[in-house]
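Chemist: Residue numbers (numbering that gives the first Met the number 0), protein chains in the order written: chain A, 0 to 101; chain B, 0 to 101. Just passing along the structure, written as structure tokens.
Number of protein chains: 2
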Amino acid sequence: MKIDRLFAALTAAVLAAGAANAQPAAPAAAASCGACHGANGVSAIPTTPNLAGQKAPYLESALKAYRSKDRVNPVMNPMTGALTDADIQALASYYSALPAGG
Amino acid sequence: MKIDRLFAALTAAVLAAGAANAQPAAPAAAASCGACHGANGVSAIPTTPNLAGQKAPYLESALKAYRSKDRVNPVMNPMTGALTDADIQALASYYSALPAGG
């Protein structure tokens, strides 16, 4: 009985540690971002910024500025046109949680 | 004599390692940037982006877009107005060389 309890406690601890270390799940909209910004949020294109570890409120304001065309960019304006506020919040939260520098 | 040579070699190796680990020198213009973007290029202000480890060509294009007012921002437009191309290149190179995430 004691061993059963120990095993259950260890299993729970291992699962909790796994959850803590897991990468956050990518929102569906991130599939388009990865083509230029890198699957891990670190871009392979010199003029395309890294997103990994960037501040979520900054990413959110940048995406909203692209969507409203306050910030003009021929790639990002159409890319963000159909995003909802919830999509933008999910993307900002996802990329900010990825490790800076990849 | 052999010990002298060993000592000289070790000294050179230590100096070289120190130089490799040293932070790049901040260009004079970076003094203004640090107030919002952080002395180490990691901002304490949620809506102000981190610069450390960002791609130099991206930083250069962002600074030029602020200078030309193609990218409109009430803080960054005046801040970049007097920067030369060489200033911008030095800033982009400096911040891209700082470790991402601080």
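Each residue gets a CB set at the ideal place from its N, CA and C atoms; glycine is no exception. Computed from a predicted model, the values in this text were never measured in an experiment.
1) Using the Cα positions of B:A12 and A:T79, report the straight-line distance between them to the nearest angstrom.
2) So, is the C-beta of A:Y94 closer than 8 angstroms to a C-beta in chain B?
3) Using C-beta distances below 6 angstroms, list every residue in its chain close to B:A96, excluding the 5 sequence neighbours before and after it, in chain order.
4) Are any of the Cβ atoms in chain B nearer than 8 angstroms to that of A:I87?
5) Determine the extent of the alpha helix (DSSP H) in which A:P77 is found, giving its start and end residues.
6) Look at the alpha carbon of B:A16 and the alpha carbon of A:A81, and state the distance between them as a whole number of angstroms.
7) Measuring only between beta-carbons, confirm whether B:T46 sits less than 8 angstroms from chain A.
8) Return the Cβ separation of A:G52 and A:A99 in integer angstroms, given the expectation that the two are a contact with Cβ distance under 8 angstroms.
9) Give me, in chain order, the residues of the same chain whose beta-carbon lies closer than 6 angstroms to that of B:M75; leave out the 5 immediate sequence neighbours on both sides.
10) Under the rule that 16 or more other beta-carbon atoms within 10 Å means buried, what is A:M0, buried or exposed?
11) Of the choices B:S92, B:L50 and B:I87, whose alpha-carbon is the least far from that of B:S67?
12) Any residues in the stretch 38-67 of chain B with a beta carbon nearer than 7 angstroms to a beta carbon of chain A? Which ones, in chain order?
13) Determine whether the beta carbon atoms of A:V41 and B:D69 lie at a separation below 8 angstroms.
14) Using the beta-carbon count (16 or more within 10 Å), is A:A89 buried or exposed?
15) Anyone know if the C-beta pair for A:Y57 and B:P48 falls short of 8 angstroms?
Modeler: Considering the structure as presented:
1) Here residue 12 of chain B refers to the residue found at position 13 when the second sequence is read from its first residue. Here residue 79 of chain A refers to the residue found at position 80 when the first sequence is read from its first residue. Confidence at B:A12 is low in this model, with a pLDDT of 45, below 50, so the placement of that residue is unreliable and no value is reported for it.
2) As a first step, residue 94 of chain A must be located in the first sequence, where it is residue number 95. Judged by the 8 angstroms Cβ criterion, A:Y94 is not in contact with chain B.
3) By one-based count along the second sequence, residue 96 of chain B stands at place 97. Residues of the same chain with a CB within less than 6 angstroms of the CB of B:A96, apart from the 5 flanking positions on each side, are P23 in chain order.
4) Reading the first sequence from its first residue, position 88 is the one you call residue 87 of chain A. It does not; no Cβ of chain B falls within 8 angstroms.
5) Position 78 of the first sequence, counted from the first residue, corresponds to residue 77 of chain A. Boundaries of the alpha helix (DSSP H) around A:P77: M75 to T79.
6) As a first step, residue 16 of chain B must be located in the second sequence, where it is residue number 17. As a first step, residue 81 of chain A must be located in the first sequence, where it is residue number 82. In this prediction, B:A16 scores a pLDDT of 45, lower than 50, which makes its location untrustworthy; the coordinate-derived value is nonetheless stated afterwards. B:A16 and A:A81: Cα-Cα distance of roughly 51 angstroms.
7) Counting from one through the second sequence, the residue named residue 46 of chain B turns up at place 47. Yes, B:T46 counts as interfacial toward chain A.
8) In the first sequence, the residue the question calls residue 52 of chain A occupies position 53. In the first sequence, the residue the question calls residue 99 of chain A occupies position 100. Contact flag correct, Cβ pair sits at about 3 angstroms.
9) Numbered from 1 along the second sequence, position 76 holds the residue referred to as residue 75 of chain B. The answer, listed in chain order, is Y65.
10) Taking the first residue of the first sequence as position 1, residue 0 of chain A is located at position 1. Here A:M0 scores only 47 on pLDDT, less than 50, and its place in the model is too uncertain to base an answer on.
11) For the purposes of this step, residue 67 of chain B is taken as the residue at position 68 of the second sequence. Out of B:S92, B:L50 and B:I87, B:I87 has the C-alpha closest to the C-alpha of B:S67.
12) From the stretch 38-67 of chain B, only S42, P45, T46, T47, P48, N49, G52, Q53, K54, P56, Y57 and S60 have a Cβ closer than 7 angstroms to chain A.
13) By 1-based counting over the first sequence, the position of residue 41 of chain A is 42. By 1-based counting over the second sequence, the position of residue 69 of chain B is 70. No.
14) Against the first sequence, residue 89 of chain A aligns to sequence position 90. The residue is buried, with at least 16 neighbouring Cβ atoms inside 10 Å.
15) As a first step, residue 57 of chain A must be located in the first sequence, where it is residue number 58. As a first step, residue 48 of chain B must be located in the second sequence, where it is residue number 49. Their beta carbons are under 8 angstroms apart, which means A:Y57 touches B:P48 by this criterion.
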